[in-house]
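*Asks:* Below are the structure tokens for one structure; questions will follow.
There are 2 protein chains.
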Amino acid sequence: MTCTLFELRAADGRAFSPFCWRARMALAHKGVEPALRAVRFCDIADIGHGATTVPVLLDEDAVVRDSWDIAIHLDQRWPDRPPLLPTEGDRRMAQFVHQWTVTQLHLPIFKIIAADIWDALDAQDQPYFRASREKRLNATLESVRNVQAGNLAQLRANLAPLRGVFSTQAFLGGAQPLYADYIVFGALQWARVVGQVKLLDGDDAVSQWFERCLDLHEGLGRREPAGV
Amino acid sequence: MTCTLFELRAADGRAFSPFCWRARMALAHKGVEPALRAVRFCDIADIGHGATTVPVLLDEDAVVRDSWDIAIHLDQRWPDRPPLLPTEGDRRMAQFVHQWTVTQLHLPIFKIIAADIWDALDAQDQPYFRASREKRLNATLESVRNVQAGNLAQLRANLAPLRGVFSTQAFLGGAQPLYADYIVFGALQWARVVGQVKLLDGDDAVSQWFERCLDLHEGLGRREPAGV
């Protein structure tokens, strides 16, 4: 009854992809321990099954190629275990939180850590990453590192909605985490593992929530060594 | 079986408060037609019942003093009518959308329209509004009007999560609006009614969603005349 999760890794083996962390936390939430298969960007096509991105989950006959679909799949496959998306409203929430995360968090975080990611990648991955990301940024990786302060200020401002939520509850899911928490967690774990910059002050409510997430599932997130 | 909604009005009688619009749309969603009572800032204490803000809903014996509590009240009072918050997940979502709206939308919108609000207010309200809001802004109302372009660009950037959501569904609630839609609607209706600036281009997915909201409940929102 083993399932296999293909996930992106840095040259030293650390898992850093925000979307792969969504999948890892979702699996742990359901009490499923997958076999982990490390891939580099240059290996993704070798996964087969039409994979062009990671994470990819192989679960018996199922091939699930997207972190959102993995969450849906896990709730369907294990209906008696703690739900990731207990209600239709939680699906709506997770979709909104996803759109918020990719536009308001991933973008400034990516600019903050882009050069750090390149430093951490396997040499086989570096040329692809530099070419594709510099095209996306319309700037060199090093030049965005030089304007880090502005992106850091933007990120901290963009996190304001979470501070309001965490003033009255421990997780986006309420007293316990749900899939929406893992969506945001992935973004900050990406920066924690591979970035060389501390994003938040320790007294920030978002930082305190992130520490709670690092403790979840027997410290799954915390076991991955931090970049700084 | 009449209930009464106290709501903020401009000198010419137009309803503009974002929180009052949440309540108006929520009442219409439940098919409840309240008696409307116009108040100015300087009248709020006269409502009684400990009111210090609007909206305030009087519904038989109940006094409901906050837009969120009004939504909760209406779903409890009319459980057989279309729900505003059908699941626990929708409550979680509405809380996050509320925090997102007040920090990421209200703040730039307020800076864009602050001087327009002052222009629209009854003369009795103007001194209070100017003093309290200039203290909050740490600037004169006129000086924030002069940096409108930057606040407009910030607002448009902050709306990005909605564009992703509306690429696959008509409302935050899915095919039909829910309370989360009315939270965001209130922010844009505030600017539509009292502001002198067009916030969004017509081809923006957020603008198209807002037009759909203006059509809801027999054009309730659209019947309120726009500032421009």
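Residue numbers (our numbering), protein chains in the order written: chain A, 1 to 228; chain B, 229 to 456.
Every residue, glycine too, gets a C-beta built ideally from N, C-alpha and C.
Only a predicted model underlies this, so the values are computations on that prediction, with no experimental measurement involved.
#1: Measuring only the C-alpha atoms, how far is B:S360 from B:Q397?
#2: I'd like to know if the region 235-247 of chain B and the region 277-293 of chain B are in contact, where contact means that at least 3 CB-CB pairs between them fall below 8 Å.
#3: Quick check: the Cα distance between A:A71 and A:A26, rounded to an integer number of angstroms?
#4: Considering only the beta carbon of each residue, do B:M203 and A:G89 sit closer than 9 Å?
#5: A:L178 CB to nearest chain B CB: under 9 Å?
#6: Strictly below 9 Å CB to CB, what residues from chain B border A:D96?
#7: Quick check on B:R364: buried or exposed, where buried means 16 or more other Cβ atoms within 10 Å of its Cβ?
#8: Interface residues of chain B around A:T53 at Cβ under 8 Å?
#9: Go ahead and label B:Y410 buried or exposed: buried means 16 or more other beta carbons lie within 10 angstroms of its beta carbon, across all protein chains shown.
#10: At which residues does the beta strand (DSSP E) containing B:C231 begin and terminate?
#11: Who are the Cβ neighbours of A:A226 in its own chain at under 7 Å, not counting the five residues just before and after it?
#12: Looking at the unbroken alpha helix (DSSP H) that takes in B:R364, where does it start and where does it end?
#13: Okay, do the region 206-220 of chain A and the region 17-37 of chain A touch, 3+ Cβ pairs below 8 Å being the bar?
#14: Residues in its own chain within less than 7 Å of A:D116 by CB, not counting five upstream and five downstream?
#15: Listing by chain order, which chain A residues have their CB less than 9 Å from the CB of B:P314?
#16: I think B:S395 touches B:A433, with their Cβ atoms under 8 Å apart; what is that distance to the nearest whole Å?
#17: To be precise: take each residue of the region 199-211 of chain A, compare its Cβ to all Cβ atoms of chain B, and keep it if any distance is under 9 Å. Which residues remain?
#18: Hey, which unbroken runs of the alpha helix (DSSP H) at 4 residues or more fall wholly within the region 255-309 of chain B?
#19: What number of angstroms, rounded off, separates the C-alpha of B:D347 from the C-alpha of A:C20?
#20: Using a 10 Å radius around the Cβ and a threshold of 16 neighbouring Cβ atoms, would you call B:A377 buried or exposed?
#21: For B:Y356, collect the residues of the same chain with a Cβ closer than 7 Å to its Cβ; drop the 5 residues on either side in sequence, then sort them by chain order.
#22: Using the beta-carbon of each residue, which ones in chain B are nearer than 8 Å to A:Q124?
*Replies:* Let me lay it out:
#1: 40 Å
#2: yes
#3: The C-alpha of A:A71 lies about 6 Å from the C-alpha of A:A26.
#4: What the structure shows of chain B is the stretch from 229 to 456, and residue 203 of chain B is not part of that stretch, so it cannot be assessed.
#5: yes
#6: Note that residue 96 of chain A is Phe in the sequence shown, not Asp. Chain B residues near A:F96: M321, F324, V325, W328, P389, L390, G392, V393, L400 and A408.
#7: exposed
#8: Contacts between A:T53 and chain B, judged by CB atoms closer than 8 Å, are missing: the closest CB pair is about 17 Å apart.
#9: In the assembly as shown, B:Y410 is a buried residue. Its beta-carbon has 16 or more other beta-carbons within 10 Å.
#10: C231 to L236
#11: R192 and V193
#12: Q354 to L365
#13: yes
#14: For A:D116, where only same-chain residues beyond five positions count, the Cβ hits under 7 Å are V194, G195, Q196 and G227.
#15: T87, E88 and G89
#16: 7 Å
#17: Cβ contacts with chain B come from no residue of the region 199-211 of chain A.
#18: Within the region 255-309 of chain B, the complete alpha helix (DSSP H) runs of at least 4 residues are 295-305.
#19: Going from the Cα of B:D347 to the Cα of A:C20 covers about 52 Å.
#20: exposed
#21: So the list reads F269 and C270, once near-sequence residues are dropped.
#22: Residues of chain B passing the Cβ test: none, with the nearest at roughly 32 Å.
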